[in-house]
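Okay, so here's the structure we're looking at.
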Amino acid sequence: ADAAIDHLLEGLNPPQRDAVTHGEGPMLILAGAGSGKTRVITHRIAYLLRTGQARPGEILAITFTNKAAAEMRERVELLVGRATRAMWVMTFHAACARMLRAHADKLGFTRQFTIYDSADQRRLMKQCLDNRGYDTKRYTPRAMQSQISRAKNTLVTAEQYAETVGSPFEEIVAEIYADYDRELLRMNAMDFDDMLLNSVRLLERHQDVRDAYSNQFRWVMVDEYQDTNKVQYRWLQLLTSEHRNLAVVGDDAQSIYGFRAADIRNILEFEEDYPDAHVVKLEQNYRSTQTILDAANALISNNRGQMPKHLWTDLGQGDPVRVREMADEHAEARWVTAEIQRLVDEGVSRSEIAVFYRTNAQSRVLDEMLTRAGVAYQVIGGPKFYERAEVKDAIAYLTFLVNPQDATAFTRIANSPRRGIGQTSLSRVLAHANNMGISVWEAAEGEVPGLAKPARNAIGRFMDTMNALKRRAEENGPVAQLLDAVLHESGYLDALHAERTIEAQGRVENLQELVSAAAQYDVNAENGSLDEFLQQTSLFADSDNLREDEGLVTLMTMHNAKGLEFPIVFMIGMEDGTFPHSRSIEESNLEEERRLAYVGVTRAMRQLTLTYARRRMGYGGGGATPTIKSRFLDELPRELTDQPARISRGFPTPGRVASWSQAAAASAEYSADTNDAQLFKVGDDVVHAQLGDGVVTDLQPGGIVVVRFEGEGRDRSLMADVAPIRKR
Ligand code: ATP
Ligand code: MG
3 ADAAIDHLLE
13 GLNPPQRDAV
23 THGEGPMLIL
33 AGAGSGKTRV
43 ITHRIAYLLR
53 TGQARPGEIL
63 AITFTNKAAA
73 EMRERVELLV
83 GRATRAMWVM
93 TFHAACARML
103 RAHADKLGFT
113 RQFTIYDSAD
123 QRRLMKQCLD
133 NRGYDTKRYT
143 PRAMQSQISR
153 AKNTLVTAEQ
163 YAETVGSPFE
173 EIVAEIYADY
183 DRELLRMNAM
193 DFDDMLLNSV
203 RLLERHQDVR
213 DAYSNQFRWV
223 MVDEYQDTNK
233 VQYRWLQLLT
243 SEHRNLAVVG
253 DDAQSIYGFR
263 AADIRNILEF
273 EEDYPDAHVV
283 KLEQNYRSTQ
293 TILDAANALI
303 SNNRGQMPKH
313 LWTDLGQGDP
323 VRVREMADEH
333 AEARWVTAEI
343 QRLVDEGVSR
353 SEIAVFYRTN
363 AQSRVLDEML
373 TRAGVAYQVI
383 GGPKFYERAE
393 VKDAIAYLTF
403 LVNPQDATAF
413 TRIANSPRRG
423 IGQTSLSRVL
433 AHANNMGISV
443 WEAAEGEVPG
453 LAKPARNAIG
463 RFMDTMNALK
473 RRAEENGPVA
483 QLLDAVLHES
493 GYLDALHAER
503 TIEAQGRVEN
513 LQELVSAAAQ
523 YDVNAENGSL
533 DEFLQQTSLF
543 ADSDNLREDE
553 GLVTLMTMHN
563 AKGLEFPIVF
573 MIGMEDGTFP
583 HSRSIEESNL
593 EEERRLAYVG
603 VTRAMRQLTL
613 TYARRRMGYG
623 GGGATPTIKS
633 RFLDELPREL
643 TDQPARISRG
653 FPTPGRVASW
663 SQAAAASAEY
673 SADTNDAQLF
683 KVGDDVVHAQ
693 LGDGVVTDLQ
703 PGGIVVVRFE
713 GEGRDRSLMA
723 DVAPIRKR
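Shown next as structure tokens:
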């Protein structure tokens with residue numbers, strides 16, 4: 003065992019080793035990107051297990067995504083050489099879901115409670131607004147959702163909110179907040195924010211529960227601590243009150259969830275909350291080249307009040323950061339696609355390449371371009387699998403089977419596929435359930451006053467099917483078989499097949515995919531149950547579909563990229579208004595945007611490329627409009643980038659500087675036949691309006707021709723479609 007422990011410590015530098023071997027008591031590890039914070043957590047867990055200081059069941063390790071949690075568990079198992087099922091290595095939400103499943107009854111829920119995602123939340127908020135007769139165009143469900151979510155994340159209850167309202171708008175929020183919470187409880191449902199809030203309530207109000215958990219978790223570790231909010235902070239406080247063995251790691255420069263009420267003070271004030279905290283600083287970066295680090299540091303130095311850090315690396319200077327200007331988003335996507343193909347041809351694995359963007363909507367153009375080019379890739383986020391209508395329908399069927407109170411699920415499926423059950427009939431059933439204080443299921447089965455005969459029959463048939471399915475569900479067989487039965491017996495698949503459209507076919511495939519997911523679950527789960535399957539699927543976060551080993555290029559937002567690393571990174575859409583996002587410029591929340599850029603840049607190991615488009619389609623229609631390149635690009639020191647000379651001076655872009663008579667003449671003369679890089683071949687003799695004669699030495703994706711001009715002795719990269727250049 004001693005040799006194994008030595009081996010474990012060998013792969014660490016002195017401060018990392020110090021953190022890994024630190025014994026009892028609170029600890030704060032505050033360090034920059036890529037300095038091995040996450041590695042310290044995995045090694046610390048392994049060390050505690052190896053040395054016998056901890057048993058697996060005593061460990062609680064919190065990460066922000068399921069993907070990060072899975073990776074952490076894998077790493078630990080690799081280090082200790084055995085499965086450690088009893089460890090709690092998971093996200094805040096997953097840990098809360100587990101606690102609440104065991105104790106939901108103490109809060110007035112049943113253990114089969116449903117978890118509402120943000121679309122469900124908005125639907126319910128709209129219903130609450132409608133009930134009170136508010137105009138949902140003026141008071142949008144989305145606005146309500148963000149207010150209420152912020153309140154919940156800062157531990158403000160509906161009553162407390164109501165006491166502090168200061169405007170008519172807030173008065174309405176207060177009403178809706180109370181209604182919404184009441185409705186959730188009535189439907190035996192919680193939203194994402196509630197899961198944390200209710201866990202905190204559980205621990206605060208039930209001493210026995212608190213004692214049990216805080217005794218159990220002798221060792222608590224939290225990654226990405228800079229992104230925790232007040233509720234999460236409170237939750238950790240309650241859980242660690244007994245042993246105080248709380249180790250947190252984070253980087254204030256990577257705090258990017260302010261919009262979800264993450265509170266950077268949690269990390270800045272850790273030493274005040276725990277005066278005896280052992281503080282460790284890590285300064286060696288093991289991920290990136292010096293150039294990439296310098297670029298990241300230059301960028302973040304524009305923020306006020308960062309904690310000073312001195313990151314260094316011995317991975318060498320590396321290549322300059324590449325900056326590329328493109329005509330528009332299509333040229334950008336074309337160029338990035340061609341670059342990826344070139345890299346793959348050179349032997350780079352697709353899984354080593356990632357493209358980041360600010361918002362999901364930006365992925366579509368690239369999505370299409372890569373598909374056309376036949377490059378295997380995956381989009382993390384965007385239209386998520388579990389948010390597709392047919393998948394949600396299928397899940398709603400299963401949900402209604404386990405939770406007969408879930409009116410949202412019932413409303414979703416009763417007439418899907420069409421059974422001739424109208425909106426009015428549905429409302430009657432819901433109202434009847436309310437009036438009688440019974441579940442929707444019971445109401446739908448019984449005599450609902452005021453229902454027309456056809457509707458009554460249709461609902462009766464629907465409930466017969468549901469009852470048959472429920473009997474099957476109660477046999478506790480494999481989830482996949484039950485799901486298959488649901489899809490067939492409900493008539494859902496038949497209805498899709500009858501549509502005979504491509505879209506319907508796609509839906510059928512998605513449902514097949516869901517059945518395989520269930521089958522996968524059946525195989526993996528120790529003690530599988532439909533309840534658990536449903537809870538698990540409702541927790542799937544965006545980055546969960548990441549499958550690294552299959553050689554796929556990864557497309558994701560910068561938010562999703564947190565904690566990950568890729569040898570080759572492209573960041574596209576580097577324009578003011580896109581990134582930094584227009585909303586942040588308006589709200590002057592630039593510093594958080596800059597931290598997001600810092601996160602993006604520091605994911606890159608070897609090569610970083612930043613692109614921007616001169617014109618871009620406005621979101622939500624409208625024509626292409628001119629853009630301004632991102633201020634973040636101007637914050638990068640020139641000597642770290644390879645911005646082609648054309649962009650800075652000497653090669654005025656036709657159209658933009660039409661008043662320069664020479665340029666105007668040049669563009670008029672040359673633009674006609676220079677729109678396409680394909681016109682040039684390596685070896686072509688060319689002539690440039692200002693630089694004279696040269697020869698094409700290389701063609702690069704995105705319409706770039708590399709030309710060596712007579713007497714210059716070096717190559718210049720020119721955009722074929724704008725540079726005043728033509729074949730001789
Ligand atoms: P981030 O702030 O982005 O989350 P981090 O501080 O968590 O980064 P890690 O992801 O733990 O950093 O480590 C970055 C990379 O450096 C990983 O590939 C990790 O394996 C490697 N690394 C860290 N420490 C060492 C070390 N002592 N020896 C070799 N490699 C290391
Ligand atoms: Mg990390």
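Start counting the sequence shown at 3; every next residue gets the next number (UniProt numbering).
The C-beta atom is built at its ideal place from N, Cα and C for all residues, glycine as well.
Note that the coordinates shown come from a computational prediction; the quantities given were computed from them, not determined experimentally.
Can you find the residues in the same chain that come closer than 6 Å, C-beta to C-beta, to residue 478, ignoring five residues on each side of it along the sequence?
none
Within 8 Å, strictly: CB atoms of residue 356 and residue 605
yes
Based on the DSSP output, what are the partners of residue 402 in its beta bridges?
The partner list for residue 402 (beta bridge, DSSP) is empty, contrary to what the question assumes.
Return the chain-ordered ranges of every alpha helix (DSSP H) run that is complete within the segment 119–199 and spans a minimum of 4 residues.
Counting whole runs of 4 or more residues, the segment 119–199 contains the alpha helix (DSSP H) stretches 120–133, 143–155, 160–165, 170–188.
Just the Cα atoms here: how many angstroms apart are residue 520 and residue 492?
18 Å
Buried or exposed, going by whether 16 or more other CB atoms sit within 10 Å of the CB of residue 209?
By the 10 Å Cβ count, residue 209 comes out exposed.
Secondary structure at residue 572, three-state DSSP: helix, strand or coil?
strand
Could you check what DSSP says for residue 94 in three-state terms: helix, strand or coil?
Reduced to three states, the DSSP call for residue 94 is helix.
Closest by CA to residue 84, which one among 108, 628, 58?
58
For the candidate residues 115, 114, 129, whose alpha-carbon lies nearest to that of residue 121?
129
Counting pairs of Cβ atoms below 8 Å between the segment 264–279 and the segment 568–577, do you hit three or more?
no
Could you tell me whether the Cβ atoms of residue 683 and residue 698 are closer together than 8 Å?
Yes, these two residues count as a Cβ contact at 8 Å.
For residue 257, I'd like the list of residues in its chain whose CB is within less than 7 Å of its CB, leaving aside the five on either flank, ordered along the chain.
228, 229, 264, 266, 597
If you measure between the beta carbons of residue 711 and residue 695, is that distance less than 8 Å?
yes
Within the structure, which residues are defined as neighbours of the ligand FMN by a Cβ-heavy atom distance below 7 Å, reported in chain order?
Absent from the structure shown: the ligand FMN. Ligands present: the ligand ATP and the ligand MG.
Does the beta-carbon of residue 13, which I'm using as the reference point, lie nearer than 7 Å to any heavy atom of the ligand ATP?
yes
For a quick check, are the C-beta atoms of residue 270 and residue 296 less than 8 Å apart?
no
Rounded straight-line distance, which links the Cα of residue 74 to that of residue 358:
Cα-Cα distance, rounded: 23 Å.
Please classify residue 61: is it buried, with 16 or more other beta-carbons within 10 angstroms of its beta-carbon, or exposed?
buried
Grouping DSSP H, G and I as helix and E and B as strand, with all else coil, what is residue 725?
Coil.
Could you check where the alpha helix (DSSP H) with residue 221 kicks off and where it finishes?
Run containing residue 221: none in the alpha helix (DSSP H); it sits in the beta strand (DSSP E), 221–224.
Where residue 428 and residue 401 are concerned, what is the direct C-alpha to C-alpha distance, given to the nearest angstrom?
18 Å
Is it the case that the CB of residue 46 approaches a heavy atom of the ligand ATP more closely than 7 Å?
No, Cβ of residue 46 sits at least 7 Å from all heavy atoms of the ligand ATP.
Specify the secondary structure class of residue 444 as computed by DSSP and reduced to three states.
helix
Would you identify the three-state DSSP class for residue 683, choosing helix, strand or coil?
coil
Expressed to the nearest angstrom, what Euclidean distance is found between the alpha-carbon atoms of residue 95 and residue 202?
12 Å
Any heavy atom of the ligand ATP within a distance shorter than 7 Å of the CB on residue 580?
no
Residue burial classification, residue 67 (beta-carbon count within 10 angstroms, cutoff 16):
buried
Could you tell me whether the segment 243–253 touches the segment 13–27, where touching means 3 or more Cβ pairs closer than 8 Å?
yes
Report yes if the C-beta of residue 256 is less than 7 Å from at least one heavy atom of the ligand ATP; otherwise report no.
yes
Within 8 Å, strictly: CB atoms of residue 16 and residue 283
no
Taking its Cβ as the centre, do 16 or more other Cβ atoms sit within 10 Å of residue 311, making it buried, or is it exposed?
buried
Compute the Euclidean distance between the alpha carbons of residue 524 and residue 514, then round it to the nearest angstrom.
15 Å
Identify whether residue 317 lies in helix, strand or coil by the three-state DSSP scheme.
In the displayed model, residue 317 falls within coil according to three-state DSSP, outside both helix and strand.
Output the distance between the C-alpha atoms of residue 211 and residue 240, rounded to the nearest integer angstrom.
11 Å
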